[in-house]
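Report on the structure given below.
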Amino acid sequence: MEQVKFIFGSIMIGMALYYIYPVTRGVFFDAIMATTFIAISIYFGAFSSRSLHKKFGKKVQRPLMLTLFILGLLFAVKSLLPEHMQKKIFSYSARISENNKPRGPEWFIYSDEILAKALQDKRPVIIDFHADWCLTCKELELYTFSDQHVIELGKQFVWLSFDATSPSEQLSALQNKYGIGGLPFIVIYRADGTQATDLTLAGFENAGQFFIRMKKALK
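Positions 1301 to 1519 (my numbering) are the ones given, in order, by the sequence shown.
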């Protein structure tokens, strides 16, 4: 029974950390990870035999908890390091992460000027409103925008990206203009300069469906 509690408890804690990660990245998230890992490891027998399971405690549970404790210490140290030292130490990992980014269209940071220029040049436009804390936005990036068919057809479009992570006057104005209620939110303009309101996307859509949406915008 104790093993079942431990397994389901670990799953619940893991899910909680997964959902708070986009909101609390950085020093605060590192501190949460450190506290969680250290507390769990100590409670479940990293340094005491009282919490160890009779059959597999010393061979499996204790090494696992000691490993978790060490990970907690690493997160604690990372949270205490100045930002410039973190960048220096973890620069290699950052480069690997950058190289492993999903493929996608050529994006431009949104501005009214770029939008006006694209429409003046008779180019269809896709505007992606997204945020760091938006998990569905990341799914769009990973599974939809990275699709080869979407990328190829997307070469006919101008792709604009708007970071809606933090409130701003510009975001408020665009929310009122397009009726943005949640994220992700995709606005599409046809080549004739008209907004394709019937093709607006609010939420996730797989690559096949989004490809069809793009084809309709080109008609």
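Even glycine gets a Cβ: it sits at the ideal position worked out from N, Cα and C. Because the structure is a prediction, the values reported are computed rather than measured.
Taking 8 angstroms as the cut-off, decide whether the C-beta atoms of residue i and residue j are in contact.
{"i": "H1449", "j": "L1483", "result": "no"}
{"i": "A1327", "j": "F1408", "result": "The identity of residue 1327 in the sequence shown is Val, whereas the question assumes Ala. The answer is no: Cβ separation not under 8 angstroms."}
{"i": "I1488", "j": "A1496", "result": "yes"}
{"i": "N1506", "j": "T1444", "result": "yes"}
{"i": "L1381", "j": "I1427", "result": "no"}
{"i": "L1501", "j": "A1517", "result": "no"}
{"i": "F1375", "j": "Y1410", "result": "no"}
{"i": "S1379", "j": "D1330", "result": "yes"}
{"i": "F1347", "j": "Q1361", "result": "no"}
{"i": "R1513", "j": "I1451", "result": "no"}
{"i": "M1312", "j": "S1341", "result": "no"}
{"i": "F1504", "j": "E1439", "result": "yes"}
{"i": "L1419", "j": "G1493", "result": "yes"}
{"i": "G1481", "j": "P1405", "result": "no"}
{"i": "A1491", "j": "K1422", "result": "yes"}
Would you mind reading off the limits of the beta strand (DSSP E) that contains residue i?
{"i": "F1485", "result": "F1485 to Y1489"}
{"i": "V1425", "result": "V1425 to H1430"}
{"i": "S1461", "result": "V1458 to D1463"}
{"i": "F1408", "result": "W1407 to I1409"}
Give the range of the alpha helix (DSSP H) segment to which residue i is assigned.
{"i": "S1472", "result": "E1469 to Y1478"}
{"i": "F1375", "result": "R1362 to L1380"}
{"i": "G1508", "result": "A1507 to A1517"}
{"i": "S1341", "result": "V1327 to Y1343"}
{"i": "D1421", "result": "No alpha helix (DSSP H) contains D1421, which DSSP labels as neither H nor E."}
With a threshold of 7 angstroms, establish whether the CB of residue i neighbours any heavy atom of the ligand FAD.
{"i": "L1518", "result": "As far as ligands go, the structure on display features none, and thus does not contain the ligand FAD."}
In the DSSP assignment, what residue or residues form a beta bridge with residue i?
{"i": "Q1495", "result": "Y1489"}
{"i": "A1502", "result": "F1485"}
(message) Using a Cβ distance threshold of 8 angstroms, determine whether the region 1331 to 1341 contacts the region 1357 to 1374, with at least three qualifying pairs required.
(response) yes
(message) Threshold first: 4 residues or longer. Then list the alpha helix (DSSP H) segments lying entirely within the region 1428 to 1454, N to C.
(response) 1435 to 1439 and 1448 to 1454
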